[in-house]
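J.: Mind looking over this structure? Questions follow.
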Amino acid sequence: MFKLDGKVAVVTGGAGGLGEYCALALAQQGAKVVIASRTLEKLQAVAQKMQAATNSEVTAMQLDVTDESSCDNLVKEVVRKYGKVDILVNAHGMNAKMAAADIDFTKWEALFAANVKGVMMTCKSFGKAMIAAKKGKIINLSSVRGIRGTDGGNTAYGATKGAVDMITRMLAAEWAPYNINVNAIGASVVLTETFKKTVAPERMQLLLSKTLFKKFATPEDIAAACVYLASDEANYVTGQIMYVDGGLTAVG
Ligand SMILES: NC(=O)c1ccc[n+]([C@@H]2O[C@H](COP(=O)([O-])OP(=O)(O)OC[C@H]3O[C@@H](n4cnc5c(N)ncnc54)[C@H](OP(=O)(O)O)[C@@H]3O)[C@@H](O)[C@H]2O)c1
Numbered sequence: 000m001f002k003l004d005g006k007v008a009v010v011t012g013g014a015g016g017l018g019e020y021c022a023l024a025l026a027q028q029g030a031k032v033v034i035a036s037r038t039l040e041k042l043q044a045v046a047q048k049m050q051a052a053t054n055s056e057v058t059a060m061q062l063d064v065t066d067e068s069s070c071d072n073l074v075k076e077v078v079r080k081y082g083k084v085d086i087l088v089n090a091h092g093m094n095a096k097m098a099a100a101d102i103d104f105t106k107w108e109a110l111f112a113a114n115v116k117g118v119m120m121t122c123k124s125f126g127k128a129m130i131a132a133k134k135g136k137i138i139n140l141s142s143v144r145g146i147r148g149t150d151g152g153n154t155a156y157g158a159t160k161g162a163v164d165m166i167t168r169m170l171a172a173e174w175a176p177y178n179i180n181v182n183a184i185g186a187s188v189v190l191t192e193t194f195k196k197t198v199a200p201e202r203m204q205l206l207l208s209k210t211l212f213k214k215f216a217t218p219e220d221i222a223a224a225c226v227y228l229a230s231d232e233a234n235y236v237t238g239q240i241m242y243v244d245g246g247l248t249a250v251g
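In terms of numbering that gives the first Met the number 0, the sequence shown has 59 at position 60, counting the first letter as 1, and numbering is strictly consecutive.
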C-alpha cells in the first residue's frame, strides 16, 4: 500500500520546510518528483540531495505561484519532461503576524497573493492538465488556523487558510466528474527549525497545552498524510481537510 511508483508529483515550496519533507516522502514511495519555487539554486541543491537519498528522479523547476504564466509554464515543462502529472502538492506559503488593530494591508495582500491566489493559480494550471487526463490528486497544505481562532496576530494568516479550505472543498465538488481528488492537510504547529528559533518558550507551552498529545507534530507526521492522500489508497477521499494536529481541533 501507499506505493507511488510510476507517478509524477509536483511539490510547490519543495525546497524547504514541510514541502521538502513531503517531496522526500513522495520520492521515497517511488514517485518522480518536481520541486518548484522561486529560488532555483536552493531547489537544485535540495533536488540533488533528495535524488541521492532515494532511488527516484527529483528535478528542480522555477515557479512563482503568484504569476499565472509561471504556473502554466511549469505544467508545460513537467508534461514535456514526464508526459503527465499525477499529483500536485501545494506546500508553498508565508505568514506575517500582525495585531488586528495594526494590520498592514500591503502585507495582508502579499499573504493572500501567495497563500490563496497562489493555491488557486497552481490548481487552475494543473487542474486543466488533470481534467484532460481525467485523473489527478491535489493536496493543499492548510492549517488548524483555517478553522480555529487564536490570539497572537494570526488573523490574516487564518483568513488565508480558511480560504484554502474552501478552495479545496469547491474544487473537489467541481472536479469529481474528472476523477480528481482535492484534499488539504490541516497542520497544527510543526516543530521545524524556524519554529524553534522564532517562537518564545512561553508561547510554545501555551500551544502545547492545547494539544491532546502534549507534543508538537513532526514534519514526518505531515509528510505521511501527504503520501496517503497522494496514493491510490485515498481514491475515495475528496474535499477533506485532514487534521494532523494531535487532537487540537477535536476539542478546541
Ligand atoms: N510549519 C508549520 O508549523 C505549519 C503549520 C501549519 C501549516 N503550515 C503550512 O504549510 C506550508 C509550508 O509551511 P513551511 O513552514 O514549511 O513554510 P516555509 O519553510 O516558509 O517554506 C515555504 C516555501 O514557500 C515558497 N514560496 C513562498 N512564496 C512563493 C511564491 N510566490 N512562489 C513559489 N514558492 C513560494 C518558498 O520558496 P522560495 O522562497 O524559493 O520561493 C518556501 O520554500 C504553508 O502553506 C504553511 O502555511 C505550516
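Virtual Cβ for every residue (Gly too), placed ideally from N, Cα, C.
Only a predicted model underlies this, so the values are computations on that prediction, with no experimental measurement involved.
1) Any heavy atom of ligand 1 closer than 6 Å to the CB of ASP63?
2) Please name the residue, chosen from GLY238, GLY152, LYS196, that lies closest to TRP299 on a Cα-to-Cα basis.
3) Look at the alpha carbon of LYS41 and the alpha carbon of GLN47, and state the distance between them as a whole number of angstroms.
4) Looking only at C-alpha atoms, which of VAL9, GLN28, ALA22, VAL7 sits nearest to PHE1?
5) Could you spell out the range, first to last residue, of the alpha helix (DSSP H) harbouring TYR235?
6) When the Cα atoms are used, what is the spatial distance from GLN50 to ILE184?
7) For VAL64 versus MET119, is the C-beta distance shorter than 7 Å?
8) Sorry if obvious, but does the Cβ on THR38 come closer than 6 Å to a heavy atom of ligand 1?
9) Measuring alpha carbon to alpha carbon, tell me which residue in HIS91, GLY135, ALA90, GLU201 is nearest GLY151.
10) Given a threshold of 16 other Cβ atoms within 10 Å of its Cβ, counted over all protein chains shown, does PHE125 qualify as buried or as exposed?
11) I'd like the span of the alpha helix (DSSP H) that includes THR159, first residue to last.
12) Over the uninterrupted beta strand (DSSP E) stretch that includes GLN61, give me the two end residues.
13) Could you pull the start and end residues of the beta strand (DSSP E) that ASN72 belongs to?
14) What number of angstroms, rounded off, separates the C-alpha of ASP103 from the C-alpha of ASN54?
15) Ignoring anything shorter than 4 residues or poking outside the segment 101-129, list the alpha helix (DSSP H) runs there in chain order.
16) Does the structure place the segment 14-26 close enough to the segment 63-81 that three or more beta carbon pairs sit under 8 Å?
T.: Put simply:
1) For this step, residue 63 is matched to residue 64 along the sequence shown. ASP63: yes, Cβ under 6 Å from ligand 1.
2) Here the chain comprises residues numbered 0 to 251, so residue 299 is not present and cannot be evaluated.
3) On the sequence shown, position 42 is the one that residue 41 refers to. On the sequence shown, position 48 is the one that residue 47 refers to. Roughly 10 Å between the two C-alpha positions.
4) What you label residue 1 is simply residue 2 of the sequence shown in a count that begins at 1. The candidate whose alpha carbon is nearest that of PHE1 is GLN28.
5) As a first step, residue 235 is located in the sequence shown; it is residue number 236 there, counting from the start. Where TYR235 is concerned, there is no enclosing alpha helix (DSSP H), given that its DSSP letter is neither H nor E.
6) Indexing the sequence shown from 1 puts residue 50 at position 51. Indexing the sequence shown from 1 puts residue 184 at position 185. Computed Cα separation, rounded: 25 Å.
7) Along the sequence shown, one-based indexing puts residue 64 at 65. Along the sequence shown, one-based indexing puts residue 119 at 120. Not in contact: VAL64 and MET119 (Cβ atoms no closer than 7 Å).
8) Taking the sequence shown and counting its residues from 1, one reaches residue 38 at position 39. Within the cutoff, so yes.
9) For the purposes of this step, residue 151 is taken as residue 152 along the sequence shown, with counting starting at 1. Among HIS91, GLY135, ALA90, GLU201, the Cα nearest to that of GLY151 is on GLU201.
10) Here residue 125 is taken as the residue at index 126 of the sequence shown, counted from 1. Burial call: buried.
11) As a first step, residue 159 is located in the sequence shown; it is residue number 160 there, counting from the start. Segment 154-174, the alpha helix (DSSP H) holding THR159.
12) Counted from its first residue, the sequence shown places residue 61 at position 62. Segment 57-61, the beta strand (DSSP E) holding GLN61.
13) Residue 72 sits at position 73 when you count from the first residue of the sequence shown. Counting along the chain, ASN72 sits inside no beta strand (DSSP E); it lies in the alpha helix (DSSP H) bounded by residues 67-81.
14) Taking the first residue of the sequence shown as position 1, residue 103 is located at position 104. Taking the first residue of the sequence shown as position 1, residue 54 is located at position 55. Each residue's alpha carbon lies about 46 Å from the other.
15) 104-111
16) no
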